[in-house]
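Position one of the sequence shown corresponds to residue 125 (the working numbering), numbered consecutively onward.
For every residue, glycine included, the Cβ atom is placed at its ideal position computed from N, Cα and C.
In this text the structure is predicted, and so the values were computed from the model without any measurement.
Quick notes on the structure that follows.
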Amino acid sequence: PAPKFEVVVSPNEWAKTIRNKSSAEFTDTKLQQLEFWTKFKEWAQANDKHLRLQTPRPQHWFDVSMGTSDAHIALTVNTRERLLGCGIYISKNKELFSFIQDRKESVERALKCNLDWIDAAKASRITMAKPDFDLQDQDRYEEYFKWLYNMMLRCKEVFCPLIAEFRK
């Protein structure tokens, strides 16, 4: 027999990132973004033990794997337009974007919202946004985290089967 240990506290990734670079290299907004994504990751993993997320970085986006190299979920914080966003990022695969766009009505019905369909030169995005976002309002972080988490799960539920169908 051997003891089974449960991790109660682990190193904070926010502190590690700051330690690796001098804080003079980061703007106040970048530091707030890093703190937001670090707290989001901690909250999400505390609420979903099976969720594996990347290391947070001081940037306005946070990528989440969908188990394919064709696309990933991109969570975003837009401080200028005060929007919280979630969407699918498809890099260099216009056929996949067209395939999903052909199913626009059923996708929007399944996600219960209107989406922005952006087909740019290198990458395409299908996004939704939550208005009235304030990165500095930490009292609302849990509300933001719940929205991001729920939208991320809904995107996986809707887009993963479409991507699998496209690959056939």
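Is the number of C-beta pairs between the segment 204 to 217 and the segment 237 to 253 that are closer than 8 Å three or more?
The way I'd put it, the segment 204 to 217 does touch the segment 237 to 253; three or more beta-carbon pairs between them come closer than 8 Å.
Taking the Cβ atom as the reference point for each residue, do D194 and F257 lie within a distance shorter than 9 Å?
Not in contact: D194 and F257 (Cβ atoms no closer than 9 Å).
Cα-Cα separation between C284 and A168, rounded to whole angstroms:
Cα to Cα, the separation comes out at about 20 Å.
Can you tell which of L286, E232, L175 and Y213 has its C-alpha closest to the C-alpha of A198?
Y213 is the residue among L286, E232, L175 and Y213 whose C-alpha sits nearest the C-alpha of A198.
Decide if P127 is buried, meaning its Cβ has at least 16 other Cβ atoms within 10 Å, or exposed.
Around the beta carbon of P127, fewer than 16 other beta carbons lie within 10 angstroms, which makes this residue exposed.
For Y268 and K173, the rounded distance between their alpha carbons:
Distance between the alpha carbons of K173 and Y268: 19 Å.
Counted within 10 angstroms of its Cβ, other Cβ atoms place F129 as buried (16 or more) or exposed:
Here F129 is exposed. Its C-beta has fewer than 16 other C-beta atoms within 10 Å.
Quick one: using the 10 Å Cβ neighbour count with 16 as the cut-off for buried, is K329 buried or exposed?
Here the chain covers residues 125 to 292 and nothing more, so residue 329 does not appear.
Where L175 sits in the DSSP three-state scheme
It is coil, neither helix nor strand.
Please classify I287: is it buried, with 16 or more other beta-carbons within 10 angstroms of its beta-carbon, or exposed?
With 16 or more other Cβ atoms from the protein chains shown falling within 10 Å of its own Cβ, I287 counts as buried.
Contact set for S248: own chain, Cβ-Cβ below 6 Å, skip 5 residues either direction
Closer than 6 Å at Cβ, skipping near neighbours: I214 and F221.
Looking at chain C, is there any beta carbon in it that lies within less than 9 Å of the beta carbon of R206?
The structure shown contains no chain C; it holds only a single protein chain.
What runs of the alpha helix (DSSP H), each 4 residues or longer, lie entirely inside the segment 189 to 277?
Qualifying alpha helix (DSSP H) stretches, in chain order: 218 to 225 and 228 to 235.
Separation of V282 from K236, as counted between CA atoms
Rounded to whole angstroms, K236 to V282 spans 11 Å at the Cα level.
Rounded to the nearest angstrom, what separates E266 and K163 at their Cα positions?
Using only the alpha carbons, I get a separation of about 9 Å.
List the residues that DSSP assigns as beta-bridge partners of F186.
Answer is L199.
Which whole-angstrom value describes the C-beta separation of R181 and L158, a residue pair presumed to lie in contact below a C-beta threshold of 8 Å?
Right, the Cβ-Cβ distance comes to about 7 Å (below 8 Å), so this counts as a contact.
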